[in-house]
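Worksheet: one structure, shown below.
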Amino acid sequence: MAEIIKKATRESFGEALCELAKDNKDIVVFDADLAAATKTSIFQKEYADRFFDCGIAEGNMIGVAAGMAAAGKIPVAASFAMFATGRAFEQIRNSVAYPGLNVKIAGSHAGISTGEDGATHQCVEDMGIMRAIPGMVVLNPADHWEMKAATKAAIEYNGPVYIRLGRLAIDSFNDPETYSFELGKGITLHEGNDVTVIATGLVVNEALKAVKELEAEGINARLINIHTIKPIDREIITKAAKETGRIITVEEHNVVGGLADAVCQVVAEECPVKVTKIGVQDTFGFSGPAWELLDKFGLTRPHIAKVIRDVVAEEK
Amino acid sequence: MDSSEIRQLKILAAKARQGAILGTYHAKSGHPGGSLSAADIFTYLYYKEMKVDPKNPQWEDRDRFVLSKGHCCPSLYAVLALKGYFDWNELTTLRHVGAMLQGHPDMKGTPGVDMSTGSLGQGVSAACGMALAGKLDKKDYRVYTVLGDGEVEEGQVWEAAMFASHNKLDNLVLFVDQNGLQIDGAVEDVAGIEPLDKKFEAFGFEVIKIDGHDFEQIKSALDKARTVKGKPTAILAKTVKGKGVSFMENQVGWHGVAPNKEQYEAATAELEAQIKELEGEC
Ligand SMILES: Cc1ncc(C[n+]2csc(CCOP(=O)(O)OP(=O)(O)O)c2C)c(N)n1
Ligand SMILES: [Mg+2]
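Just so you know, the protein sequences line up as chains A and B, in that order.
With my numbering applied, the first sequence corresponds to residues 1 to 316, in that order.
With my numbering applied, the second sequence corresponds to residues 1001 to 1282, in that order.
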């Protein structure tokens, strides 16, 4: 077992930017008065000359980043997921994605685990919004190691990328010795043929704990980690639908627009099976400590295990 | 206002500050700095300026208040509690699961909150909409909004400013709480906004500069605003972030961090001493 690193993915992201900037002089970083929170502050400390705080002006930040990219730089623009993909949606759509510019957009404090700030700051739509834009790559890494690898891949990829970062410190579950990240490729974390669980981001580890717990009960669930929401790995999903039938999706996002819909599109086209969606059931979030909220929204191990159990029982 | 009225306002503002400290302490999160800097403005508005009825929060003819810098709701909630919109003890469940008092103002759940805010730059537009509706309905209610000095970096603020003067919204008063700080540092270091008075003047506002902790200046600015016809008023209020709690004053680090037990007790005691001293003067 690899050592467990407990860290928020925003922090892993900030560290990764710093490491990548050493050899890549084209990387420039923007923030909108949230550097301390998105952790671009880690980059700012090392590379002050390549860091620009735009103030609380997310739309302008994305526009400026687009111009920087048009002039050959690799701009990374960060804010909370809510404001990066919300306030600046149309700048991303028309100034970044339409011209296919090489801008990396980082949305931190994504999902309901933003916690106490409540609904105005809990973005449960970002993956859906970004996924709807033609040509946009959408990444949602699940732990420290995956975030580091995904950040590297995002920088190496030439084109617009949205990367989702979490506020909450979470345990790593990947082993850096064996882990490998490939853009657009899902990762099977647990083998099984009774049912397939497809999870993304912060809740992957909860799903992993749930499927392990169910082994003892004789339930063999397959678990797939989807770190790339778009382009989604059609092959791994189709294969799972064919081999296990029922699919359960798990995401810290509205069940509209994100992983659940992306998976449903694939199976509808390739191999129709019933899909059960664990996630935010088309409601807004509310204030509370992160783990309490994750529990309320059914995104922790016991809740996920229960759904798997119920689905398997239903199939029998 | 005579000196005893001013003293009363100061006592209420100190209590509102205690409420902000109480709330953020129990929430283990939230934004004390800007809550404390704006507490005097909230207090004056709700106690002296605005036509409101806590027993009838939805009263159609009431004056409206929009906290455009929504993160500073802890002291607004405290003023609303003091006014009787809801029980003071609600403050101890601020930001808890299932609480009425959300991390950012929620007009659907909290009596006295006229607009849901929290995403900076948006409240001021909603305030314009309320003011325009008042004009359309030929009602004489007035609309007040408070913005942060970091918040005015949002482009939407200036779209709203143009809209307000174009539509001659003289029933709109816009405060900027100029505490000089935002999250990443001093406003002038992060993304300078000065000269703010000239900007608002150029955007068609009547501009009044005051000390945002001086009740007489708050009063005279608002009295003046009521006489201004054909254009909106911007009151640029110079304040101290963290005002009233010595260790929080002018500290950028107190923007969005809650006091721990020790700090909570020290802050509460400091404010209590201020209240006792003011009461002694009575
Ligand atoms: C659109 C938007 N972007 C970013 C934030 C995050 N945020 C919350 S408070 C804040 C700083 C606000 O500074 P200022 O307006 O000066 O408020 P104050 O000093 O009165 O607290 C930021 C960037 C937000 N709430 N909304
Ligand atoms: Mg400020």
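Here a beta-carbon is modelled for each residue, glycine too, at the ideal position from N, C-alpha and C.
So for residue i, helix, strand or coil by DSSP?
{"i": "A:ALA77", "result": "strand"}
{"i": "B:GLN1008", "result": "helix"}
{"i": "A:ARG47", "result": "Here residue 47 of chain A turns out to be Tyr, not Arg, going by the sequence shown. Note: A:TYR47 maps to coil in three-state DSSP."}
{"i": "B:THR1233", "result": "strand"}
{"i": "B:LEU1181", "result": "strand"}
{"i": "A:ASN254", "result": "strand"}
{"i": "B:GLY1150", "result": "coil"}
{"i": "B:TYR1141", "result": "coil"}
{"i": "A:TYR179", "result": "coil"}
{"i": "B:LEU1278", "result": "helix"}
{"i": "A:ILE27", "result": "strand"}
{"i": "A:ILE187", "result": "strand"}
{"i": "B:VAL1245", "result": "coil"}
{"i": "B:LEU1120", "result": "coil"}
{"i": "A:ALA221", "result": "strand"}
{"i": "A:ARG167", "result": "coil"}
{"i": "B:LEU1036", "result": "helix"}
{"i": "A:ALA199", "result": "strand"}
{"i": "B:VAL1173", "result": "strand"}
{"i": "A:VAL161", "result": "strand"}
Can you pull the chain B residues whose beta carbon is under 9 Å from the beta carbon of residue i, in chain order?
{"i": "A:ILE56", "result": "LEU1120, GLY1121, GLY1148, GLY1150, GLU1151, VAL1152, GLU1153, GLU1154, GLN1182, ILE1183, VAL1190, ALA1191"}
{"i": "A:ALA78", "result": "Those do not exist, as A:ALA78 stays about 12 Å from chain B at its closest Cβ, beyond 9 Å."}
{"i": "A:GLU324", "result": "Residue coverage of chain A in this structure runs from 1 to 316, which leaves residue 324 of chain A outside it and unanswerable."}
{"i": "A:ASP53", "result": "ASP1184, GLY1185, ASP1189, VAL1190, ALA1191"}
Taking C-beta pairs closer than 8 Å, name the residues in chain B that residue i reaches, listed in chain order.
{"i": "A:LYS296", "result": "VAL1097"}
{"i": "A:GLY59", "result": "GLY1155"}
In chain A, what lies closer than 7 Å to residue i by C-beta?
{"i": "B:HIS1166", "result": "In chain order: nothing, as chain A lies at least about 21 Å away."}
If residue i and residue j are in contact, beta carbons under 8 Å, what's the gap, nearest whole angstrom?
{"i": "A:GLY285", "j": "A:LEU293", "result": "7 Å"}
{"i": "A:VAL275", "j": "A:VAL263", "result": "6 Å"}
{"i": "A:ILE170", "j": "A:LYS104", "result": "Actually they do not touch by this definition, with Cβ atoms about 22 Å apart."}
{"i": "B:ARG1007", "j": "B:LEU1174", "result": "Not confirmed; about 28 Å, so no contact."}
{"i": "B:TYR1025", "j": "B:ALA1258", "result": "6 Å"}
{"i": "A:ALA221", "j": "A:ILE92", "result": "Not a contact, Cβ separation roughly 36 Å."}
{"i": "A:HIS121", "j": "B:GLY1118", "result": "6 Å"}
{"i": "B:LYS1051", "j": "B:ARG1062", "result": "6 Å"}
{"i": "A:GLY159", "j": "A:VAL137", "result": "7 Å"}
{"i": "B:VAL1245", "j": "B:ALA1267", "result": "4 Å"}
{"i": "B:ASN976", "j": "B:LYS1241", "result": "In this structure chain B extends from 1001 to 1282, so residue 976 of chain B is not present and cannot be described."}
{"i": "B:GLU1154", "j": "A:ALA57", "result": "6 Å"}
{"i": "A:ASN327", "j": "A:THR85", "result": "In this structure chain A extends from 1 to 316, so residue 327 of chain A is not present and cannot be described."}
{"i": "B:TRP1254", "j": "B:PHE1203", "result": "Actually they do not touch by this definition, with Cβ atoms about 31 Å apart."}
{"i": "A:VAL347", "j": "A:LEU17", "result": "The structure shown does not extend to residue 347 of chain A, since chain A is modelled only from 1 to 316, so the question has no answer here."}
{"i": "B:ILE1218", "j": "B:ILE1041", "result": "6 Å"}
{"i": "B:GLY1019", "j": "B:ALA1099", "result": "Contact doesn't hold; Cβ gap of about 15 Å is too wide."}
{"i": "B:LEU1236", "j": "B:GLN1178", "result": "6 Å"}
Please compile the residues from chain A whose C-beta is within a distance smaller than 9 Å of the C-beta of residue i.
{"i": "B:GLY1112", "result": "Residues of chain A passing the Cβ test: none, with the nearest at roughly 17 Å."}
{"i": "B:HIS1251", "result": "His is not the amino acid found at residue 1251 of chain B; the sequence shown has Gln there. The contacting residues do not exist; B:GLN1251 stays about 14 Å from chain A at best."}
Against residue i, what residues of chain A qualify as contacts under a CB-to-CB distance less than 8 Å, listed in chain order?
{"i": "B:GLN1102", "result": "GLY118, ALA119, PHE286, SER287"}
Against residue i, what residues of chain B qualify as contacts under a CB-to-CB distance less than 7 Å, listed in chain order?
{"i": "A:ALA35", "result": "ASP1184"}
So does residue i have its beta carbon nearer than 6 Å to some heavy atom of ligand 3?
{"i": "A:ASN60", "result": "Ligands displayed in this structure: ligand 1 and ligand 2; ligand 3 is not among them."}
**Request:** Below 9 Å between beta carbons is the criterion; list the residues of the stretch 1168-1202 of chain B that meet it against any residue of chain A, in chain order.
**Result:** Residues of the stretch 1168-1202 of chain B with a C-beta less than 9 Å from any C-beta of chain A: GLN1182, ILE1183, ASP1184, GLY1185, VAL1187, ASP1189, VAL1190, ALA1191, GLY1192, ILE1193, listed in chain order.
**Item:** Runs of alpha helix (DSSP H) lying entirely within the stretch 72-156 of chain A, each at least 4 residues, in chain order
**Value:** With a minimum length of 4 residues, the continuous alpha helix (DSSP H) runs that stay inside the stretch 72-156 of chain A are 126-131, 144-156.
**Contacting positions in the stretch 1005-1036 of chain B - beta carbon closer than 9 Å to chain A** = ALA1027, LYS1028, SER1029, GLY1030
**Asked** Which whole runs of the beta strand (DSSP E) in the stretch 1043-1113 of chain B are 3 residues long or more, in chain order?
**Response** Correct list: 1064-1067.
**Asked** Any residues in the stretch 1059-1088 of chain B with a beta carbon nearer than 9 Å to a beta carbon of chain A? Which ones, in chain order?
**Response** GLY1070, HIS1071
**Request:** Give, in chain order, every residue of the stretch 116-129 of chain A whose Cβ lies closer than 8 Å to some Cβ of chain B.
**Result:** GLU116, ASP117, GLY118, ALA119, THR120, HIS121
**Asked** What alpha helix (DSSP H) runs, 4 residues minimum, are completely inside the stretch 223-302 of chain A?
**Response** 234-244, 259-270, 290-296
**Item:** Within 7 Å of chain B by C-beta, residues of the stretch 162-189 of chain A in sequence order
**Value:** Of all residues in the stretch 162-189 of chain A, none is placed with a Cβ closer than 7 Å to any Cβ belonging to chain B.
**Message:** Under 8 Å, CB to CB, which of the residues in the stretch 77-111 of chain A have a partner in chain B?
**Reply:** Per Cβ criterion, the list reads MET82, PHE83, GLY86, ARG87.
**Item:** Every unbroken beta strand (DSSP E) inside the stretch 1184-1225 of chain B [3 residues or more]
**Value:** Listed in chain order, the complete beta strand (DSSP E) runs (minimum 3 residues) inside the stretch 1184-1225 of chain B are 1206-1211.
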